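Undergrad: Residue numbers (the numbering used here), protein chains in the order written: chain F, 1 to 389; chain D, 1001 to 1389.
For glycine and all other residues, C-beta sits at the position ideal for the given N, C-alpha and C.
What you are looking at is a predicted structure, and each value in this text was computed from that prediction instead of being measured.
Okay, here's the thing in structure tokens:
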């Protein structure tokens, strides 16, 4: 049986479990007899373009460590691959004897993956899902999301406890998520601790409306002072402009997407100026996608599994697919890994469906919580002792 | 032996371990035969003023839960006690038969404690230390600091990993700490993972100077692009004005202290506008003081111990003291609990000594890391797998 070399690369922002997917790829590649050398690209597709590949042969002990190391151990990038680049990449793959290529990333990366499959017909290509935004199509959810959602659920609950303890101010918590509200919505899982946590959840799927927002904030303050509002960084006004976004060329990424980041600060200022209530904001930002100690064990296992299943698919001769998850049951939670055609995934953004958004547009529904709960693992908010009022 | 009732109250912002101190107080009070009923004030000294006391008699199982519940379970406040209030408080204590009063808080609370000891001579009074800022005088460190420092050390390391993985931008991480840089300084413990983490640490003890800061940022970028700057929220310019602070009456607390909060955003804007480099900011804010899953076990034990020792002191007939910690050895870490006269503590702010600040004012020294390391517990950054460049 002839062997071919394997190459794995990372695309886009890292997550808390992207290295678990990498560990899955490396472990399965070692097991497959059709795989020769195992390479990783340093710094993502830019590393491939430059031929900056390193051979990896990790021991079982190192693979276990890698699994629990947050952020990308091999590096990633946000470079947008141009038409002229695909021939260069195909050339590098040929010269290094690469017959299997795995690209771990989100929507943009899956598009790259698909085009590469067309330009390098001698190489089998698979996408390994990765996004904290949970906006990849064709799959129930994506590795990286469960851990980021757990971080937000726990952080929201703890922030609500802190705000209630002093009860003198409002806090607006800003959560990542460019165009989809999956991550902000996970704040609703804080309600396992107290059904009043948090007061509102604002997602990018619904344009922000000032008057009802301020009315709701004022009402909640009158009911008992301090509370928490969770807002997605990608919240937009009715004209589609990001709330409080800073403008300028440094605020746009390589794909031309605006980089928001001022939504919480904007809402806090709005409440202070229009209602005269003391309001602050918190923005854990990137911390929400790299926290190792808040990783969801379910997410970690599934991330590793997606790496393993991707290599298995390639070694069966399949190409042009991404591993996804099909949910069989929510309680108890059961799912199976499936192969999804990259054409269904590339450049498609999956947003929160209307059934997960409350009618007033300022919260999510219990149906969303039922969807999300199993993904963050066992309830991290058990065993608190609180005075019930 | 005649019994007297005991009252415990919380003052100022909560921490991740303030409930562990409460659990220590409640457990030891149950053991002491001279203690009658055990009361807690709801909502801090405001609860005492209103006579809003609840009797607490927790089981061992509930005490264990309470120990690991972040933020104040009984509530706190930021009310500044006026001269006229002390007689009201003394009256409440008399009417409820309170012979032992414990007040858990920072500098301001210890001042309240001291004055109360003068106004209520029939009640024995003790301060229980609590501050994430670590600025209480007379003690090696204060409960709450070790856990907040662990949060910052871990968060800084993880943010540095994330920034290095993509290597396309700078991040400015804002850390709590009004006038003292102890908490920002703890970011230096991220260097156990990589000595280049983080690039700079800016503390309020040294006024910010724009030119050397920008020169250092530019130099670091040229050496290898992305890096992290850690900044204390209380950073001031040479005129003593908080960097990027929002002004207005909602930005000042009950003690007249300005509430900063814009330092990271300010520095990120400065780097973008003056150097043209892509820069973002993260501000976990209150999340840094309530994270249960990042609690330092050493801090948790010491918080509980400070509650226990406070009750013991009162039951020995002592009054007007705060429990503090005297360090006997850093390696191995050994300390003993001591009683400190409240007059040494009230209203004194302990700042970072010059020996802990680097000569250029943009970092802390290895001596600080030696001081801080034992307080965060076993290195949470062990067992990562990284490609060494």
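#1: Nearest to residue 1313 (chain D) by CA position, among D:1085, D:1201, D:1032, D:1355, is which residue?
#2: What do you get for residue 1051 (chain D), buried or exposed, if any count of 16 or more other CB atoms within 10 angstroms of its CB means buried?
#3: Looking at C-beta atoms only, is the number of pairs between the stretch 206 to 225 of chain F and the stretch 1015 to 1024 of chain D that lie closer than 8 angstroms three or more?
#4: Give, in chain order, every unbroken run of the beta strand (DSSP E) that is at least 3 residues long and sits entirely within the stretch 1299 to 1340 of chain D.
#5: First and last residue of the alpha helix (DSSP H) that includes residue 145 (chain F)?
#6: At what residues does the alpha helix (DSSP H) containing residue 1295 (chain D) begin and finish?
#7: By DSSP, does residue 19 (chain F) sit in helix, in strand, or in coil?
#8: Quick one: grab the DSSP three-state call for residue 127 (chain F).
#9: Since residue 1185 (chain D) contacts residue 1364 (chain D) with CB under 8 angstroms, what's their CB separation in whole angstroms?
#10: What do you reckon, are the CB atoms on residue 157 (chain F) and residue 197 (chain F) nearer than 8 angstroms?
#11: My output table needs one value for residue 277 (chain F): the three-state DSSP class, helix, strand or coil.
#12: In chain order, what residues of the stretch 112 to 133 of chain F put their CB closer than 8 angstroms to some CB of chain D?
#13: Hey, does residue 1267 (chain D) have any beta-carbon neighbour from chain F nearer than 8 angstroms?
#14: Excluding sequence positions up to five away, which residues of its chain have a Cβ less than 7 angstroms from the Cβ of residue 66 (chain F)?
#15: Please name the residue or residues paired with residue 141 (chain F) in a DSSP beta bridge.
#16: Starting from the Cα of residue 275 (chain F), find the closest Cα among F:368, F:132, F:169, F:234 and give me that residue.
#17: Got a sec, what are the start and stop residues for the beta strand (DSSP E) residue 1102 (chain D) sits in?
#18: If we require 4 or more residues per run, which alpha helix (DSSP H) segments fall completely within the stretch 1011 to 1084 of chain D?
#19: Name the residues in the stretch 1001 to 1021 of chain D whose C-beta lies less than 7 angstroms from a C-beta of chain F; which are they?
#20: Could you please give the first and the last residue of the uninterrupted beta strand (DSSP E) stretch that includes residue 174 (chain F)?
#21: Contact check, residue 287 (chain F) vs residue 1284 (chain D) under 8 angstroms by CB: the rounded distance?
#22: Could you tell me which residues DSSP pairs with residue 200 (chain F) in its beta bridges?
#23: Please decide whether residue 1103 (chain D) counts as near chain F, where near means a Cβ-Cβ distance under 8 angstroms.
#24: Sort out for me which residues DSSP pairs residue 1242 (chain D) with in a bridge.
#25: With distance defined between alpha-carbon atoms, name the residue in D:1129, D:1360, D:1147 nearest to residue 1108 (chain D).
#26: Rounded to whole angstroms, what's the CA-CA distance from residue 405 (chain F) to residue 1316 (chain D)? Just pull it up for me.
#27: From residue 360 (chain F) to residue 1244 (chain D), what distance separates their C-alpha atoms?
#28: Taking buried to mean at least 16 other C-beta atoms within 10 Å of its own C-beta, is residue 1260 (chain D) buried or exposed?
#29: Can you grab the Cα-Cα spacing for the pair residue 173 (chain F) / residue 180 (chain F), in whole Å?
#30: Provide the residue span of the alpha helix (DSSP H) that contains residue 1371 (chain D), from first to last.
#31: Considering just the uninterrupted stretch of the alpha helix (DSSP H) at residue 224 (chain F), what are its terminal residues?
#32: Does residue 285 (chain F) get closer than 8 angstroms to chain D when you measure Cβ to Cβ?
#33: Output needed for residue 1087 (chain D): all residues of its chain with C-beta closer than 8 angstroms, excluding positions within five of it in sequence on either side, in chain order.
#34: Is residue 1322 (chain D) near residue 1126 (chain D), with beta carbons less than 8 angstroms apart?
#35: Considering only C-alpha positions, which residue in the set F:45, F:69, F:37 is nearest to residue 56 (chain F)?
#36: Using a 10 Å radius around the Cβ and a threshold of 16 neighbouring Cβ atoms, would you call residue 1234 (chain D) buried or exposed?
TA: Answer, in terms of the structure:
#1: Of D:1085, D:1201, D:1032, D:1355, the residue nearest in Cα terms is D:1032.
#2: Here residue 1051 (chain D) is exposed. Its C-beta has fewer than 16 other C-beta atoms within 10 Å.
#3: Verdict: no, contact absent.
#4: Whole beta strand (DSSP E) segments, 3+ residues: 1321 to 1330.
#5: Counted as a single uninterrupted DSSP element, the alpha helix (DSSP H) harbouring residue 145 (chain F) occupies residues 145 to 166.
#6: Boundaries cannot be given for residue 1295 (chain D), as no alpha helix (DSSP H) includes it and DSSP labels it neither H nor E.
#7: Judged by DSSP in its simplified three-state form, residue 19 (chain F) adopts helix.
#8: The DSSP-derived three-state label of residue 127 (chain F) is strand.
#9: Correct: roughly 4 angstroms between the Cβ atoms.
#10: Taking 8 angstroms as the Cβ cut-off, residue 157 (chain F) and residue 197 (chain F) qualify as a contacting pair.
#11: The answer is coil: DSSP assigns residue 277 (chain F) none of H, G, I, E or B.
#12: Within the stretch 112 to 133 of chain F, no residue has a Cβ that lies closer than 8 angstroms to any Cβ of chain D.
#13: No, because no Cβ of chain F sits closer than 8 angstroms to the Cβ of residue 1267 (chain D).
#14: 19, 22, 23, 58, 73, listed in sequence order.
#15: Paired residue(s): none; residue 141 (chain F) is not in a bridge.
#16: Minimum Cα distance to residue 275 (chain F) is reached at F:169.
#17: Residues 1098 to 1105.
#18: Entirely contained in the stretch 1011 to 1084 of chain D, the alpha helix (DSSP H) runs reaching 4 residues are, in chain order, 1018 to 1031, 1044 to 1050, 1060 to 1067.
#19: From the stretch 1001 to 1021 of chain D, only 1013, 1014 have a Cβ closer than 7 angstroms to chain F.
#20: That run of the beta strand (DSSP E) goes 170 to 175.
#21: Between residue 1284 (chain D) and residue 287 (chain F) the Cβ distance is about 6 angstroms, and since that is below 8 angstroms, they are a contact.
#22: Paired residues: F:229.
#23: Contact with chain F is absent for residue 1103 (chain D), since none of that chain's Cβ atoms lies less than 8 angstroms from the residue's Cβ.
#24: Answer is D:1236, bridged to residue 1242 (chain D).
#25: Minimum Cα-Cα distance from residue 1108 (chain D) among the listed residues D:1129, D:1360, D:1147 corresponds to D:1129.
#26: With chain F covering 1 to 389 only, the question about residue 405 (chain F) has no answer from this structure.
#27: Between residue 360 (chain F) and residue 1244 (chain D), the C-alpha separation is close to 35 angstroms.
#28: Unreliable placement is indicated for residue 1260 (chain D), whose pLDDT of 45 sits below 50; the coordinate value is still reported in the next sentence. Buried.
#29: Using only the alpha carbons, I get a separation of about 16 angstroms.
#30: Run containing residue 1371 (chain D): 1366 to 1372, per the alpha helix (DSSP H) assignment.
#31: Its alpha helix (DSSP H) spans residues 210 to 224.
#32: Yes, residue 285 (chain F) lies at the interface with chain D (some Cβ there is under 8 angstroms from its Cβ).
#33: Answer for residue 1087 (chain D): 1119, listed in chain order.
#34: Their beta carbons are under 8 angstroms apart, which means residue 1322 (chain D) touches residue 1126 (chain D) by this criterion.
#35: It is F:37.
#36: Around the beta carbon of residue 1234 (chain D), a 10 Å sphere encloses 16 or more other beta carbons of the protein chains shown; the residue is thus reported as buried.
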